[in-house]
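To start, the structure under review is shown below, and the notes come after it.
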Ligand code: PDD
């Protein structure tokens with residue numbers, strides 16, 4: 282039974298309860314993070330906590346914990362749960378009030394929830410053969426840079442992919458690529474990696490940054506700029522990135538092959554760099 286943290290206490294997951302008047306439940310009024318843990322160490326923790334702070338600022342909610350308190354809490358949850366590799370889910374909502382009212386209540390305590398789930402690498406077949414995706418109009422709000430728990434649009438968009446036998450939905454807004462329903466998307470064209478620029482229309486992914494850093498470190502041409510739908514449809518390669526999926530090749534889009542319909546050479550290269558980087562920063566301490 283996983284051990285979770287809720288509002289100052291550690292307890293078995295099955296015992297955790299939040300009031301029905303919690304604004305996270307009523308309004309989706311909260312923010313969250315998903316942090317991968319390798320060899321019991323959180324990956325890019327500072328970056329995840331920095332994004333959490335920006336999300337909290339975005340919804341005008343004071344951070345209930347200081348940076349080092351988050352670090353200590355996450356370390357405790359990792360230690361209390363099984364598995365060398367875990368994914369930490371943390372959520373902060375505006376808390377529970379006595380009545381339902383859209384306007385912010387005064388003087389309520391935010392709800393803080395942290396749990397751990399096993400982190401499994403994507404199936405080998407997905408890396409070797411790639412995944413299929415569909416595209417759809419990005420019908421979300423204009424603050425997609427906030428990692429908000431109100432994810433109904435993302436859930437509906439992801440489910441469309443599942444219903445079509447695909448793994449992800451690529452989102453297009455006004456003729457440009459934004460991201461995936463729960464991932465960032467990269468386009469490879471003529472040996473250049475193209476990434477939609479960080480703005481209010483997409484979540485600034487922690488994995489997205491790692492990919493661009495690795496491209497820079499290894500001298501692979503890359504540009505963060507507006508990416509046209511046409512460039513997506515004529516891409517040589519498409520990649521999906523997220524904390525739980527790392528980097529995966531998309532080989533079919535809307536039932537048409539992407540490039541040669543197989544994971545491309547730059548994908549293989551980037552996956553190898555990503556795994557080397559992870560090993561170097563995460564695994565090397567084992568025994569320390
Ligand atoms: N989602 N864009 C969206 C809409 C996402 O939900 C995610 C991640 C990403 C990738 O961000 P990162 O590389 O920091 O994980 C981009 C997480 C994993 C989730 O909701 O489960």
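Numbering (this note's numbering), first residue to last: 282 to 569.
Built from N, CA and C at the ideal position, the CB exists for glycine as well.
Pairwise C-alpha distance: residue j and residue i
i, j, result
"residue 318", "residue 464", "18 Å"
"residue 494", "residue 388", "42 Å"
"residue 537", "residue 353", "48 Å"
"residue 408", "residue 357", "32 Å"
"residue 562", "residue 438", "34 Å"
"residue 569", "residue 513", "Confidence at residue 569 is low in this model, with a pLDDT of 34, below 50, so its placement is unreliable and no value can be given for it."
Whole-angstrom C-beta distance between residue j and residue i, which should lie under 8 Å
i, j, result
"residue 395", "residue 371", "4 Å"
"residue 442", "residue 448", "6 Å"
"residue 583", "residue 375", "In the structure displayed, the chain extends from 282 to 569; residue 583 sits before or after that span and is not available."
"residue 473", "residue 325", "With a Cβ gap of about 25 Å, residue 473 and residue 325 do not count as contacting."
Reduced DSSP secondary structure (H/G/I, E/B, other) of residue i
i, result
"residue 297", "coil"
"residue 482", "coil"
"residue 460", "strand"
"residue 510", "helix"
"residue 372", "strand"
"residue 525", "coil"
"residue 533", "strand"
Contact set for residue i: own chain, Cβ-Cβ below 7 Å, skip 5 residues either direction
i, result
"residue 557", "none"
"residue 293", "282 and 284"
"residue 307", "381"
"residue 492", "467, 522, 528 and 551"
Same chain, Cβ closer than 8 Å to residue i, five either side skipped, listed in chain order
i, result
"residue 567", "Residue placement at residue 567 is poorly supported in this model, since its pLDDT is 48, which falls under 50; the coordinates still yield a value, given next. The answer, listed in chain order, is 320."
"residue 483", "425, 426, 459, 460, 465 and 477"
Residues that DSSP places opposite residue i in a beta bridge
i, result
"residue 242", "Within the shown structure, residues of the chain are numbered from 282 to 569, placing residue 242 beyond reach of any answer."
"residue 355", "None, per the DSSP bridge assignment."
"residue 467", "520"
"residue 323", "318"
"residue 449", "414"
"residue 397", "369"
Cβ shell of residue i (< 6 Å), same chain only, five flanking positions each side left out
i, result
"residue 475", "468, 504 and 508"
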